[in-house]
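Visitor:
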Amino acid sequence: MTIVRPDSSAFATSYGLEFGEPDWLPEVVARYRLNSWRHSRAKPPVSVGWRRCTSAAGAATRRRLRAVAQPPELLETPYMASISREEVAHLARLARLAVTDDELDVFAGQLDVILGAVARVGEVAADDIPPTSHAVPVVNVLRPDELRPSLPREEVLAAAPAAEDGRFRVPRILDDPGQQ
Amino acid sequence: MTDLTRMDAAALAAEIAAGGASAVEVAQAHLDRITAVDAKIHAFLRVDADGALAAARAVDEKRAAGEVLGPLAGVPLAMKDVVVTRGLVSTSGSKILQGWIPPYDATITSRVREAGIVMLGKTNMDEFAMGSSTENSAYGPSHNPWDLDRVPGGSSGGSSAAVSAYEAPLGIGTDTGGSIRQPAAVTGLVGHKPTYGGVSRYGLIAFSSSLDQAGPLTRTVLDAALLHEVIGGHDPADSTSIAAPVPAVVAAAREGARADLSGLRVGVVRELSGDGYEPGVLDSFAGAVQLLSDLGATITEVSCPHFGYALPAYYLIAPSECSSNLARFDAVRYGLRVGDDGVRGLEEVMSLTREAGFGAEVKRRVILGTYALSSGYYDAYYGQAQKVRTLISRDFAAAFETCDVLISPTTPTVAFPLGARVDDPMAMYAADLCTLPASLAGTPAISVPCGLSDGLPVGLQVMAPALADDRCYRVAAAVETAVAGRDGQPILAAGQSL
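In order, the protein sequence lines correspond to chains A and B.
Take the position in the first sequence, starting the count at 1, then add 45; the result is the number in the numbering used here.
Take the position in the second sequence, starting the count at 1, then add 248; the result is the number in the numbering used here.
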């Protein structure tokens with residue numbers, strides 16, 4: 046499956062496209078019933094682009110899309126996973142990592158290479174294959190609802206970065222700029 | 249008197265039980281060895297001499313009182329730092345847990361203590377077990393005793409270096425994508441990843457919960473089996489722990505040592521060889537296939553067409569689970585807190601703490617996992633990877649219809665030089681190429697030394713169906729015996745003397 050995300054001006058230029066949404070995209074989206082991010086309720090995680098439709102109908106159209114290339118050169122390009130510096134910055138914020146500018150430069154390049162390699166999972170996993178979350182069957186395990194001693198409070202709090210009055214002391218949470 | 253540090257665990261336990269050496273003498277000999285060589289190896293993050301000697305004294309007192317000792321009582325052990333130890337700092341190789349003293353023992357830790365095994369200290373590792381060389385440790389890399397300029401493998405590289413350098417006869421490692429087997433292979437040791445659920449994960453600082461599994465790293469197959477029986481078995485504190493008896497791995501190791509594999513059907517996995525594999529590794533592997541055939545096994549080639557997708561699937565599943573697991577490092581309950589000046593809010597303190605406390609590889613994987621799990625990408629990445637996991641399990645199931653065990657090299661290359669792959673994550677990930685399928689399928693696999701390539705050890709991987717860990721041990725013990733017979737000495741004897 047080719048997921049093309051023309052959010053890179055260099056990539057777009059190489060195909061003679063304007064930066065942003067190429068003019069043929071709405072037609073392809075409509076014709077093959079692909080989801081454009083514009084049609085989904087979720088906020089786009091990338092600047093501009095379109096993503097695969099996950100329904101069975103979508104899978105069929107994806108197969109047809111591979112056969113009926115439109116435009117031809119574009120769909121013959123290898124998987125164009127790409128992750129921009131801005132996306133990495135956004136993900137780092139979500140993961141509560143205050144990464145530096147230098148790290149962003151390094152990570153964006155490395156994650157691009159890694160994503161390009163791992164995207165191969167899309168080559169073999171068809172819709173009729175059930176996913177495996179655990180290799181051995183996982184069942185819910187219950188135990189008798191009996192009182193048992195907890196860890197000693199003093200020892201647990203002694204291992205915390207800050208404690209007060211027998212509790213964990215947290216940084217300021219009211220009027221937190223991060224909450225606005 | 250014989251050098252106690254050169255003896256394997258089974259022999260040491262027998263010596264202690266017979267009164268030939270006290271547990272305190274054995275512990276002291278290993279502590280002295282650590283003092284002598286660990287400045288060069290850096291296998292240990294911290295050595296607990298007082299705790300070790302106290303545990304050894306307790307064993308000696310029990311023996312003096314006439315109590316029956318366990319099969320490994322008094323034998324020293326190197327514990328990977330990912331396993332929590334009550335009262336003894338546990339960092340998982342990360343700055344974010346620097347100085348953290350756990351208020352409880354992991355199930356493995358308490359089983360080791362109950363067995364009278366003497367814990368010498370905590371060993372180095374890639375931060376949160378993410379890596380294949382220990383170079384991702386926040387506390388500096390360990391060195392391979394075979395060649396100090398090379399890596400000892402990872403992530404359990406501290407344990408492999410310690411056991412290979414005769415600082416301890418027993419080591420505990422954990423294996424998420426190969427972190428027991430790959431370090432064992434590149435340091436000339438035996439390392440077994442049990443069936444997922446065979447060993448309790450309670451008290452393992454979690455990296456990728458559906459894959460993490462602890463197991464033994466030792467110099468002989470029998471020692472690995474003895475340690476496996478100590479740490480294995482059902483644990484109500486781990487809901488994924490299998491409620492079944494531990495496979496009879498010690499008996500299997502003893503049977504395998506008789507070096508007769510008549511009637512055993514061995515499958516050579518076609519996809520785990522070829523491009524990217526060093527010629528010396530493939531030569532040693534071919535030698536091992538010949539040995540297995542000489543031992544009476546029937547060798548066939550099998551195809552597992554989806555094994556080639558294990559690497560991409562693993563590097564989606566493991567980072568996804570890690571991004572979720574590592575959310576617990578919130579600068580509130582344990583570990584580091586940075587920037588709490590009374591002005592900054594919780595989120596900013598959390599972000600600054602995680603930025604300061606995590607190393608580059610951990611950040612890369614947390615970001616990658618966050619991406620793979622995010623809305624719009626979940627199906628294309630994490631969902632697809634889970635389907636590949638199904639396909640790999642089916643490949644195993646099909647192969648085990650015609651084979652009792654599958655074999656491959658454990659690693660595509662011998663130990664690589666320190667620094668060679670640190671700036672190239674994909675090259676580092678390739679060290680796990682052969683070990684990942686069994687991790688994703690939750691099946692047991694062992695690495696046993698099978699030869700040398702330019703003076704460096706090569707490992708043979710033996711994979712078995714779920715809960716058939718005993719087959720791994722039987723075949724590994726037969727190979728161990730046959731290799732020693734072929735070469736006139738065990739592989740480890742060819743190592744550099746320090």
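Even for Gly, the Cβ is constructed at its ideal location relative to N, Cα and C.
Note that the structure is a prediction, hence the values are computed from the model and not measured.
For the structure I just gave you, are there three or more beta carbon pairs, one from the segment 369 to 384 of chain B and one from the segment 421 to 428 of chain B, closer than 8 Å?
Guide: Result yes; three or more Cβ-Cβ pairs closer than 8 Å.
Visitor: Just mark A:Thr-145 as buried or exposed, buried being the case when its beta carbon has 16 or more other beta carbons within 10 Å.
Guide: Reading the first sequence from its first residue, position 100 is the one you call residue 145 of chain A. Looking at its Cβ environment, which holds fewer than 16 other Cβ atoms inside 10 Å, A:Thr-145 is exposed.
Visitor: What did DSSP end up calling A:Val-151 once you bin it into helix, strand or coil?
Guide: One-based indexing of the first sequence puts residue 151 of chain A at position 106. Helix.
Visitor: At 8 Å on the CB atoms, spell out the chain B contacts of A:Arg-165, in chain order.
Guide: Here residue 165 of chain A corresponds to residue number 120 of the first sequence, with the count starting at 1. Those are Tyr-557 and Pro-560, listed as they occur along chain B.
Visitor: Return no unless some Cβ of chain A is closer than 8 Å to the Cβ of B:Val-580.
Guide: The residue given as residue 580 of chain B occupies position 332 in the second sequence. Taking Cβ atoms only, chain A reaches closer than 8 Å to B:Val-580, which makes this a yes.
Visitor: Quick one: what does DSSP say B:Pro-484 is sitting in, helix, strand or coil?
Guide: Mapped onto the second sequence, residue 484 of chain B falls at position 236. Note: B:Pro-484 maps to coil in three-state DSSP.
Visitor: Against chain A, with Cβ distances strictly below 8 Å, would B:Leu-708 count as a contact?
Guide: For this step, residue 708 of chain B is matched to residue 460 along the second sequence. Closer than 8 Å: no.
Visitor: Of the choices B:Pro-657, B:Val-731 and B:Tyr-721, whose alpha-carbon is the least far from that of B:Ala-472?
Guide: The residue you call residue 472 of chain B lines up with position 224 of the second sequence. Measuring from the Cα of B:Ala-472, the nearest candidate turns out to be B:Tyr-721.
Visitor: Residues in the same chain with beta-carbon distance under 6 Å from B:Ile-694, minus the five sequence neighbours each way, listed in chain order, please.
Guide: By 1-based counting over the second sequence, the position of residue 694 of chain B is 446. Within the same chain, B:Ile-694 has close Cβ partners His-440, Val-710, Cys-720 and Ala-724.
Visitor: Applying the criterion that 16 or more other CB atoms from any shown protein chain within 10 Å of the CB defines a buried residue, is B:Asn-392 buried or exposed?
Guide: By one-based count along the second sequence, residue 392 of chain B stands at place 144. Under this definition B:Asn-392 is a buried residue.
Visitor: Which residue wins for smallest C-alpha separation from B:Ser-599, given the options A:Ala-134, A:Ala-140 and A:Ser-129?
Guide: If you number the second sequence from 1, residue 599 of chain B lands on position 351. Taking only the C-alpha atoms, the option nearest B:Ser-599 is A:Ala-140.
Visitor: Is it the case that the Cβ atoms of B:Arg-359 and B:Val-478 are separated by a distance below 8 Å?
Guide: Your numbering for residue 359 of chain B matches position 111 in the second sequence. Your numbering for residue 478 of chain B matches position 230 in the second sequence. Contact: yes.
Visitor: Can you give me the C-alpha to C-alpha distance between B:Lys-295 and A:Glu-168, rounded to a whole angstrom?
Guide: As a working note, residue 295 of chain B is residue 47 in the second sequence. As a working note, residue 168 of chain A is residue 123 in the first sequence. Note on residue identity: the sequence assigns Val, not Lys, to residue 295 of chain B. One C-alpha to the other measures close to 48 Å.
Visitor: Against A:Arg-217, what residues of chain B qualify as contacts under a CB-to-CB distance less than 8 Å, listed in chain order?
Guide: Within the first sequence, numbered from 1, the residue matching residue 217 of chain A stands at position 172. What A:Arg-217 touches in chain B: Gly-590, Val-591, Arg-592, Gly-593 and Leu-594.
Visitor: Among B:Gly-535, B:Pro-351 and B:Met-327, which residue has its Cα nearest to the Cα of B:Ser-340?
Guide: As a working note, residue 340 of chain B is residue 92 in the second sequence. That would be B:Met-327, whose Cα lies nearest to the Cα of B:Ser-340.
Visitor: Would you kindly work out how many angstroms separate the C-alpha atoms of B:Asp-718 and B:Val-497, rounded to a whole number?
Guide: As a first step, residue 718 of chain B is located in the second sequence; it is residue number 470 there, counting from the start. As a first step, residue 497 of chain B is located in the second sequence; it is residue number 249 there, counting from the start. In a straight line, the C-alpha of B:Asp-718 is about 5 Å away from that of B:Val-497.
Visitor: Please state the DSSP three-state secondary structure of B:Met-674.
Guide: Taking the second sequence and counting its residues from 1, the one referred to as residue 674 of chain B is at position 426. If DSSP states are grouped into helix, strand and coil, B:Met-674 belongs with the helices.
Visitor: Can you tell me which residues form a DSSP beta bridge with B:Ala-693?
Guide: Here residue 693 of chain B is taken as the residue at index 445 of the second sequence, counted from 1. DSSP lists B:Lys-441 and B:Met-711 as partners of B:Ala-693.
Visitor: Can you find a CB in chain B that lies within less than 8 Å of the CB of A:Pro-194?
Guide: Counting from 1 along the first sequence, the entry for residue 194 of chain A is found at position 149. It does not; no Cβ of chain B falls within 8 Å.
Visitor: Identify the contact partners of A:Glu-200 in chain B, using a Cβ-Cβ distance below 7 Å as the criterion.
Guide: In the first sequence, counting from the first residue as 1, residue 200 of chain A sits at position 155. Simply Pro-351.
Visitor: Just to confirm before moving on: does the CB-CB distance between B:Cys-651 and B:Val-514 stay below 8 Å?
Guide: Here residue 651 of chain B refers to the residue found at position 403 of the second sequence. Here residue 514 of chain B refers to the residue found at position 266 of the second sequence. Yes, Cβ-Cβ distance for B:Cys-651 and B:Val-514 is below 8 Å.
Visitor: Between B:Arg-334 and B:Gly-436, what straight-line distance do the alpha-carbon atoms span, to the nearest angstrom?
Guide: As a position in the second sequence, residue 334 of chain B is number 86, starting the count at 1. As a position in the second sequence, residue 436 of chain B is number 188, starting the count at 1. The straight-line gap from Cα to Cα measures roughly 31 Å.
Visitor: Pull up the distance between the alpha-carbon of B:Ala-386 and that of B:Ser-407, whole angstroms please.
Guide: Residue numbering aside, residue 386 of chain B sits at position 138 when the second sequence is read from its first letter. Residue numbering aside, residue 407 of chain B sits at position 159 when the second sequence is read from its first letter. One C-alpha to the other measures close to 16 Å.
Visitor: Taking the alpha helix (DSSP H) that B:Thr-601 falls in, what are its first and last residues?
Guide: Counting from 1 along the second sequence, the entry for residue 601 of chain B is found at position 353. Residues 594 to 605.
Visitor: Relative to chain A, which residues along the segment 658 to 681 of chain B have a C-beta separation below 7 Å, given in chain order?
Guide: Listed in sequence order: Pro-673 and Met-674.
Visitor: Is A:Leu-202 helix, strand or coil by DSSP?
Guide: As a working note, residue 202 of chain A is residue 157 in the first sequence. Helix, per DSSP.
Visitor: Taking only three categories from DSSP, how would you classify B:Gly-504?
Guide: Taking the second sequence and counting its residues from 1, one reaches residue 504 of chain B at position 256. It is helical.
Visitor: Hey, is A:Ser-127's beta-carbon within less than 8 Å of any beta-carbon in chain B?
Guide: Taking the first sequence and counting its residues from 1, one reaches residue 127 of chain A at position 82. Chain B, which has no Cβ nearer than 8 Å to the Cβ of A:Ser-127, makes this no.
Visitor: Just tell me which of B:Ile-289, B:Ala-302, B:Leu-684 and B:Ile-490 has its CA closest to the CA of B:Ala-566.
Guide: Taking the first residue of the second sequence as position 1, residue 566 of chain B is located at position 318. Checked all of B:Ile-289, B:Ala-302, B:Leu-684 and B:Ile-490; the closest Cα to B:Ala-566 is B:Leu-684.
Visitor: B:Ala-507 and B:Leu-543 - do their beta-carbons sit closer together than 8 Å?
Guide: Residue mapping note: residue 543 of chain B aligns to position 295 of the second sequence, counting from 1. Residue mapping note: residue 507 of chain B aligns to position 259 of the second sequence, counting from 1. In contact: B:Leu-543 and B:Ala-507 (Cβ atoms closer than 8 Å).
Visitor: Going along chain A, which residues have a C-beta under 8 Å from B:Tyr-563?
Guide: Sequence index remark: in the second sequence, residue 563 of chain B carries index 315 (1-based). The contacting residues are Ile-159, Ala-162 and Val-163.
Visitor: Anything in chain B within Cβ reach of A:Pro-197, meaning under 8 Å, just list it in chain order.
Guide: Your numbering for residue 197 of chain A matches position 152 in the first sequence. Correct list: Pro-351.
Visitor: Spatial neighbours of B:Arg-642 within its chain, please: C-beta separation below 8 Å, excluding the five flanking residues on both sides.
Guide: Position 394 of the second sequence, counted from the first residue, corresponds to residue 642 of chain B. Closer than 8 Å at Cβ, skipping near neighbours: His-554.
Visitor: For a test of the three-state rule: what should DSSP assign to B:Pro-464, helix, strand or coil?
Guide: Locating residue 464 of chain B in the second sequence gives position 216, counting from the first residue. The answer is strand: DSSP assigns B:Pro-464 an E or B state.
Visitor: Hey, B:Val-529 and B:Thr-355 are a contact pair by Cβ (cut 8 Å); roughly how many whole angstroms apart?
Guide: Numbered from its first residue, the second sequence carries residue 529 of chain B at position 281. Numbered from its first residue, the second sequence carries residue 355 of chain B at position 107. In fact, because the Cβ distance is near 36 Å, the residues do not count as touching under 8 Å.
Visitor: Can you tell me the Cα-Cα spacing of B:Leu-740 and B:Gly-446, whole angstroms?
Guide: Indexing the second sequence from 1 puts residue 740 of chain B at position 492. Indexing the second sequence from 1 puts residue 446 of chain B at position 198. The straight-line gap from Cα to Cα measures roughly 28 Å.
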